[in-house]
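All letters in the sequence shown, in the order written, are residues 1428 to 1588 by my numbering.
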Amino acid sequence: MTQKDKLLRYSLILLIYLFGLAGQILYGYSRLQQTTESRITWIYDQIHMGIAEITDFYDRKFVRYLPMKNCERFLYESQPLLLASPYIRAVSATHGGVIMCSSIMGPVLKQIDNWQPSGRYIELKYVEKTPFSDLFPKNRQSVLALHFELDNYYGLYAGRD
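Below you can see the structure in the form of C-alpha cells.
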C-alpha cells in the first residue's frame, strides 16, 4: 500500500466521521427544537390553567366577600384553590393598594409598593419582589403576579410559581 493510498483511506474515514458528526449535530438540534417547543406549549398551558382557576375563584367566591369584612372566611374559601394547584402559591385581597387579607399572613394591612389603579381587569406580571419578600429573605425566587381588579380599589392578587 502506497503513501497515497493510505492518505486517501484516512481522508475517506475522516470524511465519513465528519458526515456522521454533522448528522448527530443536526439530529441533536432538531430534538432540542422539538423539546423546546413542547416545553413552551406546556408552560403556556400551565399558565392559562392557573389563570382559569383563579378567574373561576374570583368570579364564584371572591366578589362575594367585598368589601372584605371576614378574612378568615375568605381564607377558608381560598384553601381549595391553593391546595388543588401546585403552582398557585398565594392569594391576597386588596383595597386601594393595601393588602387586607392574605393566605401568607392572614388579616394584614400591608402597602403594595408603587401601586397604581390599573383600570384593567386582569394584569399578569413577572415580579422579583413581592409585599412579603421581607418574610422570606433567602427565597429570592421570582413569581408571576396575577392581579384582578373589580374596580379601581378592590382587587385579588395571586402569586403563581
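We treat Cβ as the ideally placed atom computed from N, Cα and C, and that holds for glycine.
*Are the beta-carbon atoms belonging to aspartate 1527 and valine 1518 less than 9 Å from one another?*
In the sequence as displayed, the identity of residue 1527 is methionine instead of aspartate. Valine 1518 is positioned such that its CB atom lies no closer than 9 Å to that of methionine 1527.
_Selected residue, minimal CA-CA separation from alanine 1520, among Leu1439, Lys1537, Ile1443_ = Alanine 1520 has its Cα closest to that of Lys1537, out of Leu1439, Lys1537, Ile1443.
*asked:* One question on the structure: do isoleucine 1443 and alanine 1585 come within less than 9 Å of each other, judged by their Cβ atoms?
replied: No, the pair does not count as a contact, with Cβ atoms beyond the cut-off.
_Using CA atoms only, rank isn't needed, just tell me which of Glu1464, Ser1505, Tyr1454 is closest to arginine 1516._
It is Ser1505 whose Cα lies nearest to the Cα of arginine 1516.
_Proximity winner among Thr1463, Met1532, Ser1512, relative to isoleucine 1501 (alpha-carbon distances)_ = Per the sequence shown, residue 1501 should be read as phenylalanine rather than isoleucine. Taking each of Thr1463, Met1532, Ser1512 in turn and checking the Cα distance to phenylalanine 1501, the smallest one comes out for Met1532.
*Identify whether methionine 1532 lies in helix, strand or coil by the three-state DSSP scheme.*
Look at methionine 1532 here: in three-state DSSP terms it is coil, with no helix or strand label.
_Length of the line joining the Cα atoms of glycine 1522 and isoleucine 1478_ = The question names glycine, but residue 1522 is histidine in the sequence shown. Straight-line spacing of the CA atoms in histidine 1522 and isoleucine 1478 works out to 21 Å.
*Assign leucine 1583 to one of three DSSP states: helix, strand, or coil.*
In this structure, leucine 1583 counts as strand in the three-state DSSP scheme.
*Give the DSSP-derived three-state secondary structure of lysine 1488 in the structure shown.*
Reduced to three states, the DSSP call for lysine 1488 is coil.
*If you drop the 5 nearest sequence neighbours on each side, which residues of the same chain put their C-beta closer than 6 Å to that of phenylalanine 1484?*
Only Leu1508 meet the Cβ criterion.
*Three-state secondary structure (DSSP) at threonine 1429?*
Threonine 1429 falls in the coil class under three-state DSSP.
*What separation, rounded to the nearest whole angstrom, lies between the Cα atoms of threonine 1463 and lysine 1433?*
Threonine 1463 and lysine 1433: Cα-Cα distance of roughly 44 Å.
*What are the boundary residues of the alpha helix (DSSP H) that isoleucine 1512 is part of?*
Checking the displayed sequence, the identity of residue 1512 turns out to be serine instead of isoleucine. It is not in any alpha helix (DSSP H) - serine 1512 carries neither H nor E in the DSSP assignment.
_Burial state of glycine 1450 (16 or more Cβ within 10 Å)_ = Around the beta carbon of glycine 1450, a 10 Å sphere encloses fewer than 16 other beta carbons of the protein chains shown; the residue is thus reported as exposed.
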